[in-house]
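Data first, discussion second: the structure below is written as structure tokens.
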Amino acid sequence: MKCEFCSQSALAGNPITVAGIGIAHQSCYERHLIDQRIFRSLNLRQLNAAELNELNDLVQIELNARQPVRTEIELWGTSE
Ligand SMILES: [Zn+2]
């Protein structure tokens, strides 16, 4: 029983079963998700540039919306 990502024995680590892939170490699978830019079920590499920019805007808007109210005035005026 080998890890599908690193080909080492899956028993040596923390083996999990990944749907559509097979047996893998938990840590190898997490690394794989980051490599593929997968968040939940969304693969960021499959987005075109416009979609990625739109997602980026949405993330920024959501982050801003979660800021404490008293910093709201600064949100759109400053750039990092
Ligand atoms: Zn592995």
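Okay, so the sequence shown: first residue is 11 according to our numbering, each after it adds one. Heads up, the beta-carbon is just placed ideally off N, CA and C, and yes, glycines get one too. Owing to the predicted nature of the structure, the values given are computational and were not obtained by experimental measurement.
Practice task
Could you tell me whether any non-hydrogen atom of ligand 1 is closer than 8 Å to the CB of F15?
Solution key: yes
Practice task
Could you tell me whether any non-hydrogen atom of ligand 1 is closer than 8 Å to the CB of Q18?
Solution key: yes
Practice task
Return yes when the C-beta of G32 is under 8 Å from any heavy atom of ligand 1, and no when it is not.
Solution key: no
Exercise for the section: Using only the heavy atoms of ligand 1, determine whether one of them is closer than 8 Å to the beta carbon of S37. Expected result: yes
Problem - Where A75 falls, given that 16 or more other Cβ within 10 Å makes a residue buried - result: exposed
Handout entry: As assigned by DSSP and simplified to three states, the class of L62
Key = helix
Practice task
Evaluate A20 with the Cβ neighbour count: other Cβ atoms within 10 Å of its Cβ, from every protein chain shown; 16 or more gives buried, anything less gives exposed.
Solution key: Result: buried.
Handout entry: Given S17 as reference, the closest of T27, I33, A29 once Cα atoms are compared
Key = Of the listed residues, the one whose Cα sits closest to S17 is I33.
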